[in-house]
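Below is one structure, written out as structure tokens; the observations come after it.
Numbering (UniProt numbering), first residue to last: 1 to 176.
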């Protein structure tokens, strides 16, 4: 009889310990950020890259106009699909927002990137990421990925494939 009480007590103690560890692990996980990449509502990380036009462009901090920071590669099918929409939106609203199209050059060929820029007649700056800085700073998981950044320099939205109507609404909203 005494032995049964001891076994029951040990089992209750072990069950309590397991519950305590599960709660502690959940709290620790909640306290840790899911990733170090930017999140909506937080400041866009600083990124400075050269561009096809020979200039260096910088992201981070306050700006005159909202910015769509788009990561792409010439071999990416969805990137090619959204390219005409990006061009049209920029041509129509370049007085209200900027686009920086960051070619993930570390995973692309510069000649192919140039061909795509010419093919779609991009007028916005095309930045070149030769060393993968953008991936380490922005932590995107796939391309295309775009970060919509407001005038205060905060990420307002992360977009995988651009929906032109939704983006147009956001541009008009942010440029007020």
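Ideal placement from N, C-alpha and C gives every residue a C-beta, glycine not left out. Owing to the predicted nature of the structure, the values given are computational and were not obtained by experimental measurement.
Start and end of the alpha helix (DSSP H) containing residue i?
i: residue 119; result: 110–120
i: residue 143; result: Careful: residue 143 lies outside any alpha helix (DSSP H) and carries neither H nor E.
i: residue 137; result: 133–138
i: residue 164; result: 164–174
Under three-state DSSP, which class holds residue i?
i: residue 89; result: helix
i: residue 44; result: coil
Run the CB neighbour count on residue i, radius 10 Å, all protein chains shown included, and call it buried at 16 or more, exposed below.
i: residue 56; result: exposed
i: residue 64; result: exposed
i: residue 38; result: buried
i: residue 136; result: exposed
i: residue 172; result: exposed
i: residue 66; result: buried
i: residue 144; result: buried
i: residue 93; result: buried
i: residue 115; result: exposed
i: residue 101; result: buried
i: residue 46; result: exposed
i: residue 73; result: buried
i: residue 44; result: buried
i: residue 170; result: buried
i: residue 98; result: buried
i: residue 82; result: buried
i: residue 113; result: buried
i: residue 110; result: exposed
i: residue 129; result: buried
Based on DSSP bridge pairs, tell me the residues matched to residue i.
i: residue 71; result: 102 and 145
i: residue 157; result: 148
i: residue 246; result: In the structure as shown, the chain begins at 1 and stops at 176. Residue 246 is therefore absent and cannot be evaluated.
Can you tell me where the beta strand (DSSP E) with residue i in it begins and where it stops?
i: residue 50; result: 47–50
i: residue 64; result: Element bounds for residue 64: n/a, residue is neither H nor E.
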